[in-house]
Each structure stands twice: as structure tokens, then as C-alpha cells.
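Asker: Residue numbers for the sequence shown follow the working numbering, beginning at 875 and rising by one. Don't be surprised by glycine CBs; every beta carbon is placed ideally from N, CA and C.
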Amino acid sequence: MAGTLDLDKGCTVEELLRGCIEAFDDSGKVRDPQLVRMFLMMHPWYIPSSQLAAKLLHIYQQSRKDNSNSLQVKTCHLVRYWISAFPAEFDLNPELAEQIKELKALLDQEGNRRHSSLIDIDSVPTYKWKRQVTQRNPVGQKKRKMSLLFDHLEPMELAEHLTYLEYRSFCKILFQDYHSFVTHGCTVDNPVLERFISLFNSVSQWVQLMILSKPTAPQRALVITHFVHVAE
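1. Helix, strand or coil, according to DSSP, for F898 in the structure here?
2. How about S1054 and L1073: are their beta carbons less than 9 Å apart?
3. Tell me whether the region 981-998 and the region 953-961 touch, counting them as touching only if at least three CB pairs, one residue from each stretch, are closer than 8 Å.
4. According to DSSP, simplified to helix, strand and coil, what is V904?
5. Taking only the alpha-carbon atoms, compute the straight-line gap between K1019 and D1051 and give it to the nearest angstrom.
6. Closest by CA to E969, which one among K978, A928, V953?
7. Please state if the CB of I1047 and the CB of L1032 are separated by a distance shorter than 9 Å.
8. Assuming contact is defined by CB atoms lying nearer than 9 Å, are L930 and F913 in contact in what I supplied?
9. Using 10 angstroms around the beta-carbon of H989, count the other beta-carbons present and answer buried if the total reaches 16, otherwise exposed.
10. Below 8 Å CB to CB, which residues in the same chain sit around V1013 once its five sequence neighbours on both sides are set aside?
11. The alpha helix (DSSP H) spanning K939 covers which residue range?
12. Looking only at C-alpha atoms, which of S937, T1037, G902 sits nearest to V1077?
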């Protein structure tokens, strides 16, 4: 069915879900990974993840009644792919995790160990660090001199520092953060994205400060050249 989907004309969530299931063969090989990954990544725009999991559970239960073993195993392969590709969703969304555990419990009750073995949510590591926003506590901290000058850093070294900050920030942003921002148009109740935006606003202001702190045009030109090399 995945091959019959006409994405140019648009599809319902149910059609896309069926297409993703049919994208797998009975051995778990996915014929259209781009479709499957795109759908699993973008589905929260249209349906909560817990509801999507409920639909998968319903499809599996219906396939049992229809004695469609192929559809059952393909559904389990899709769930396994979902857990493998986006494990953070299952650690940070208790309702979603509960839906998947319900499906696994159903498989265990049936004695269907083959299908049950495909769904292993307990091995998902914790991603709570993604949602933690560090709070600085000035009490008891020793005062120390700090410098924002970069004169002692080569462009490559400074670029590595900035890239590391960017990487750490991006790692903490989840899809629902972007979704919340688009929906509400602001970062209210979205501390991770708020901290991310604040960080890069601060970097921009810091670059401006480094340039404007130089009294002469040639000195400012040298600073600009330095940051051009950093960008390169």
C-alpha cells in the first residue's frame, strides 16, 4: 500500500499510517524508510503520539480478528522502528509509553513471543536531561575573574567552542518545543527553547560588543575578519 500513496494529493492520517505499516515486509525490512521516518517525525502536527499508538493497537487487534498474521507482524515492526528512531518520545511521554506497554502486554497474554520481542520499551535510556534547564545558584560560589576576550583563541578553536554550545542546545530541543512555539507564537512554558534563543541572542550581542569595543576602523575590521574565519 505504501507504493500506492499519492502524497502530492494528500492523505489522511489513517492512510499514511497504513502506508507506513505496509512499507515493512514480514522480516522487518523497510521498503520506504523516507516515508516512515517523515511520518513518525511529523505526525504530532496532526495527531498526538498517544493517539497514534492507540490506532496501532486497534489495527493490531483488528488484524487478529481477521487472522492477518502479516499485518500483525508489520505493525510490530513499525512500533519497533518508532522506538529505535525516536526513543526520547517514549521516555518523555508517559502516556505514549503506557500505550506501547499495553500492546506488549497484549502480545504476552497471547503467548506471541515473536511479536512481543519486537517491542522493547524498557531498554529506552532516560532523556530527562533534555528537559533540564540548569539554574545557577550564586550563593556560596567563589568570585573569579572571567574574560569574554577571544584574542588568545584561533578561529578554529573558537568555532569549535561555539559549535559545541550549539550542539548541546539543539540536543535538548524536541519536536513538541517547535510545535508549541508555532502554536502559541511565543516561548511561554517552553524553557528549553527560551534558553536556546537566549543563548544565541547573547552570542550575537557578544560579537557586536567585540567589534564595537575597538576604537578604530582598522581594529574593527580585524575583529570582523576574525569572525569571518570562525564562520568559515
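Answerer: Judging by the given coordinates:
1. F898 falls in the strand class under three-state DSSP.
2. 9 Å or more divides the Cβ of S1054 from the Cβ of L1073.
3. Contact between the region 981-998 and the region 953-961 is present: 3 or more CB-CB pairs across the two stretches fall below 8 Å.
4. V904: strand per DSSP, three-state reduction.
5. Residue confidence is low: K1019 scores 47 on pLDDT, short of 50, so the model does not pin down where it sits. Its coordinate-derived value is still stated next. Rounded to the nearest whole angstrom, the CA to CA distance from K1019 to D1051 is 36 Å.
6. When each option's Cα is compared against that of E969, the closest is A928.
7. No. Outside cutoff.
8. Against a cut-off of 9 Å, the Cβ pair of F913 and L930 comes out as no contact.
9. Burial call: buried.
10. Annotation note: pLDDT 49 at V1013 (below 50); position unreliable, no value reported.
11. DSSP places K939 in the uninterrupted alpha helix (DSSP H) bounded by 923-939.
12. Comparing Cα-Cα distances from V1077 to each of S937, T1037, G902, the minimum goes to T1037.
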